[in-house]
Amino acid sequence: MKQSIWILLWCVLVEVPALAQAKASDELGALVNRVDAQYAQIRDFQADFVQETRIQGFDTPVRSSGRVYLKKPGRLRWDYLDPSVEHIYVHEDQVAMYVPAHNQVLKGSLTMMVSTKAPLRLLQGIGKLAEHFTPQPTGDGEKGEGGLPLVTLIPKPVAGAPPSSLVKIVVEVQPRTYMIQVLALHENNGNVSIFQFSGFKVNKGLDDAVLILNPPEGVVIVEDFLPKS
Numbered sequence: 000m001k002q003s004i005w006i007l008l009w010c011v012l013v014e015v016p017a018l019a020q021a022k023a024s025d026e027l028g029a030l031v032n033r034v035d036a037q038y039a040q041i042r043d044f045q046a047d048f049v050q051e052t053r054i055q056g057f058d059t060p061v062r063s064s065g066r067v068y069l070k071k072p073g074r075l076r077w078d079y080l081d082p083s084v085e086h087i088y089v090h091e092d093q094v095a096m097y098v099p100a101h102n103q104v105l106k107g108s109l110t111m112m113v114s115t116k117a118p119l120r121l122l123q124g125i126g127k128l129a130e131h132f133t134p135q136p137t138g139d140g141e142k143g144e145g146g147l148p149l150v151t152l153i154p155k156p157v158a159g160a161p162p163s164s165l166v167k168i169v170v171e172v173q174p175r176t177y178m179i180q181v182l183a184l185h186e187n188n189g190n191v192s193i194f195q196f197s198g199f200k201v202n203k204g205l206d207d208a209v210l211i212l213n214p215p216e217g218v219v220i221v222e223d224f225l226p227k228s
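Structure below.
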């Protein structure tokens, strides 16, 4: 009798967590597929963002805000508007960073760019998350404010790129739209950059001119000068 009880107890202790883990994995996969499906239907979008960067060893986070624009195929613009102005233009793997106060444009490769400057690679690869990242559960099945599981994305190595400082991205999905509402970029030095998105405008026919850099006359262009991961 005792042996039967112990066998039953062992089955419960081993199989129930395994079943729960399998269920969580299925839910996570389904959620990632829903997000990919949602973004696959998007031709263009724009949204406001607020960024908070928590730097290891400092008590006060650094805050900034701005707006992001994306248009398929392969064009993205990331504008920091407060507290300082900086415009980042992406076309496929090419990046141009324009800082009006410095009167210069820095150009380089997205593959080689500092990973946590902005979540540009994630946004470029949106709609194909499983192709660029390995999805994992977050903690013990942590959920976002809307009730959906938080998704941890582990970046896959990029051929020809140096090792990245980016360890993982934790994503919170809006349950009504399946748009990414919050994402947190975790670096190997302990720094964390959190981005909150709002004011989405989807498939409004975004003009190409918004996503193409036309710097004023006299601006200095510096090639292959972007900081690397």
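Note that numbering that gives the first Met the number 0 gives residue 125 to position 126 of the sequence shown, counting from 1, and the numbers run on in steps of one. Where is the CB? At the ideal position from N, CA and C, for every residue including glycine. All values reported here derive from a predicted model rather than from experimental measurement.
Distance between beta carbons of residue j and residue i, contact taken as under 8 angstroms
i      : j      : result
Val122 : Thr137 : The sequence shown places Leu at residue 122, rather than the Val named in the question. Incorrect: roughly 20 angstroms between the Cβ atoms, too far for contact.
His90  : Gly107 : Not a contact, Cβ separation roughly 12 angstroms.
Lys155 : His131 : 6 angstroms
Sheet register partners of residue i (DSSP bridge)
i      : result
Thr151 : Gln135 and Val169
Val31  : DSSP, once it has assigned bridges, lists no residue as partnering Val31.
Ile179 : Val172
Asp81  : Ser64
Gln229 : Residue coverage of the chain in this structure runs from 0 to 228, which leaves residue 229 outside it and unanswerable.
For residue i, the nearest candidate out of the options (CA to CA)
i      : options                           : result
Gly159 : Pro134, Ala100 and Leu109         : Leu109
Gly189 : Asp43, Ile54 and Pro154           : Ile54
Gln135 : Pro99, Ile168, Asn187 and Val172  : Ile168
Leu210 : Met96, Ala29, Gln37 and Arg62     : Met96
Val61  : Asp47, Leu75, Lys70 and Tyr79     : Tyr79
Leu165 : Ile179, Val191, Glu171 and Glu222 : Val191
Ile193 : Asp35, Ala36 and Ala183           : Ala183
Asp248 : Phe224, Lys71, Glu222 and Asp35   : A query on residue 248 cannot be resolved here, the shown segment of the chain reaching from 0 to 228 and no further.
Asp47  : Trp77, Asp35, Ala29 and Ala39     : Trp77
Leu30  : Leu105, Gly204, Lys127 and His86  : Lys127
Thr52  : Glu141, Pro214 and Gln195         : Gln195
Leu75  : Thr133, Pro215 and Leu205         : Leu205
CB contact flag (residue i, residue j, <7 angstroms)
i      : j      : result
Gln93  : Tyr68  : no
Tyr177 : Arg66  : no
Pro118 : Gly145 : no
Asp43  : Ser64  : no
Leu212 : Tyr88  : yes
Ile41  : Val221 : no
Nearest-angstrom Cα separation, counted from residue j out to residue i
i      : j      : result
Gly198 : Asp25  : 31 angstroms
Gly217 : Leu27  : 50 angstroms
Pro162 : Ile153 : 13 angstroms
Thr59  : Glu171 : 24 angstroms
Leu56  : Val49  : Reading the sequence as shown, one finds Gly at residue 56 and not Leu. Using only the alpha carbons, I get a separation of about 22 angstroms.
Ala223 : Gln103 : Checking the displayed sequence, the identity of residue 223 turns out to be Asp instead of Ala. Cα to Cα, the separation comes out at about 13 angstroms.
Leu147 : Ala36  : 16 angstroms
Lys203 : Asn187 : 38 angstroms
Val98  : Val181 : 26 angstroms
Ile179 : Ser83  : 25 angstroms
Pro215 : Thr133 : 41 angstroms
Thr151 : Val157 : 18 angstroms
His101 : His86  : 12 angstroms
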